[in-house]
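Structure, as structure tokens:
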Amino acid sequence: MDSRTAGVATASQLTVRQHNRALLLGNVARRPGRTRAQLARDVGLTKATVSTLVDDLILSALVVEREPTAGLRGRPGSRLELNPDGAAAIGVEIDVDRTSACLLDLTGAVRDRKSIAYDNRSGTPRVALRRVAQLVADLSADTLVAGVGVAFPGLVTVDGRVLRAPNLPRWEGSNLGEILGDLLDVPVHSIDNEANIAALAEHWYGSGISDFVHVSGEIGVGGGIIVNGELFVGPRGYAGEIGHVPVDPRGPLCGCGNRGCLEQLAGRTAVLAHAQASSDAELVFRCDHGDREALLAVRSAAAALAVALGAVINTLDLPAVSLGGFYARLAPWLVEPLATGLKKRIVSGAPIDVRVSSLGQDAAALGAAGQVINHIVRTGERPASRRIRVS
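Here the UniProt record's numbering is used: the first residue of the sequence shown is 1, the next is one more, and so on.
Listed below in structure tokens is the structure:
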């Protein structure tokens, strides 16, 4: 046989094997507790093939086999689940004034979390990313890590280069993937917009709804769109920039160069200024005690959000809105006026479910770690797990 033909055949066999590994791993992730025989029926492979691949997944520390459930008739097989003691994933959220990280096992359970307050507008991105790398190393001191995912407040290309970051302009042009890859000796699987990743986290670990727009307000306002359980990013990858939807063309000048963007009217800084509050805690306290000025600032933000979200919902026919971050903390006073504003603006008249994310400030970091887990499950790759060192 020609050596080139033999090489192609070997590559093809490896591809099929990898595909089947991913098929089985995905099935175990979606339906934990299945037996080898049930998996064979589920995916249409022979029992012998499934048994060989399952042994390989167990050896790779991706899957663990549990004892059969007691009380079943016949000879029940051992149950297969993702291995919570195998490789872990780390998700990092880089924000304007803080950086946080979560450590997740393969089942999505949070094993640890850390956060540092740091003004990422000062210094160079490389200096800030060295702090990020050290935070990751500290978080995973005793854990084998399969990879790192990063959430960033701006537009990021698929290779990790910051295209636009109105609230962190000094980071524009920096390739976060390359810099972190130099500092860490584990794969950096994904770097994406923080609102997109928070939306995925809400789908995976929060409400579980499959069609919605997630909006999160901090210094800026981010939006992520989930359609049929998948992140909608558009053909160039930049969909969801709801913070820069023009709400009032004669409004305040925005860092993006336009006027009256949503984040200038409903972002955290704008709402606190309107209420003349020095902190989130003060704003919440005053709203809780019926302070007129504070409540007026929240209602004003709700009106601006209704304009921007109404446009998104009318365009994409989404049935739900998820509120995260700053907006989740204001939910007791924000949800009702926002729902009322949306009801007036949705052309179809269809009801809109306005709900509050339960994930808190960890949403984007959770989603970033979830991206790593999703990559492993989707590809079936054997993770090159190792302890992290900062170079």
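Think of the CB as a built atom: it goes at the ideal place given N, C-alpha and C, for glycine as much as any other residue.
Since the model is a prediction, treat every value here as computed from it, not as a measurement.
The count of Cβ pairs closer than 8 Å, one atom from the segment 196–206 and one from the segment 223–238, reaches three, so the stretches are in contact.
DSSP lists 214, 355 as the beta-bridge partner residues of residue 322.
The straight-line gap separating the alpha-carbon atoms of residue 117 and residue 135 is approximately 11 Å. Membership of residue 280 in the alpha helix (DSSP H) is indicated by the continuous run 280–288. The C-beta distance from residue 194 to residue 151 rounds to 4 Å, short enough to meet the 8 Å contact threshold. Looking at the DSSP output, residue 82 bridges to 63. For residue 174, no alpha helix (DSSP H) encloses it, and the DSSP letter there is neither H nor E.
For residue 31, the secondary structure class from DSSP, reduced to helix, strand or coil, is coil.
Annotation: residue 241 to residue 222 spans about 6 Å, alpha carbon to alpha carbon.
DSSP places residue 43 within a helical segment (H, G or I) once states are collapsed to three.
Ranked by how close their Cα comes to the Cα of residue 52, the residues 208, 120, 332, 20 have 20 in first place. Taking residue 124 as reference, the option from 115, 290, 143, 179 with the minimal CA-CA separation is 179. Within its own chain, the residues whose Cβ lies closer than 6 Å to the Cβ of residue 271, once the five positions on either side in sequence are excluded, are 297, 301, listed in chain order. In terms of Cα proximity to residue 264, the closest of 252, 257, 273, 275 is 252.
Scanning the segment 87–142 from its first residue to its last, the whole alpha helix (DSSP H) runs of 4-plus residues come out as 125–139.
Here residue 337 carries a helix assignment [DSSP, helix/strand/coil]. The criterion of a C-beta distance shorter than 8 Å is satisfied by residue 104 and residue 88.
Under the three-state reduction of DSSP output, residue 250 falls in the coil class, being neither helix nor strand.
Bridge pairing for residue 226: 212, 231 [DSSP]. The Cβ atoms of residue 160 and residue 372 do not sit closer than 8 Å to each other.
Residue 54 sits in a helix when the DSSP states are folded into three classes. About 18 Å separates the beta carbons of residue 303 and residue 277, which is beyond the 8 Å limit, so they are not a contact pair. Ranked by Cα distance from residue 326, the first of 274, 268, 340, 290 is 268. Cα atoms of residue 101 and residue 139: separation of roughly 8 Å, rounded to the nearest angstrom. Between residue 360 and residue 216, the CB-CB gap reaches or exceeds 8 Å. Of the candidates 155, 317, 329, 329 places its Cα closest to the Cα of residue 283. Residue state for residue 151 is assigned as strand, using DSSP reduced to three classes. Taking residue 115 as reference, the option from 184, 157, 137, 107 with the minimal CA-CA separation is 137. Counting of Cβ neighbours within 10 angstroms places residue 285 among the exposed residues, the total staying below 16. Taking a C-beta distance under 8 Å as the contact criterion, residue 37 and residue 46 do not qualify as a contact pair. Residue 77 places its beta carbon 8 Å or farther from that of residue 49. Residue 351 counts as exposed, since fewer than 16 other beta carbons sit within 10 angstroms of its beta carbon. Take residue 165, set aside five residues on each side of it, and the residues of its chain with a beta-carbon closer than 6 Å to its own are 154, 171, 172, in chain order.
Bridge partners of residue 20 according to DSSP: none are assigned. Rounded to the nearest whole angstrom, the CA to CA distance from residue 299 to residue 375 is 41 Å. Rounded to whole angstroms, the separation of the alpha carbons of residue 54 and residue 364 is 32 Å.
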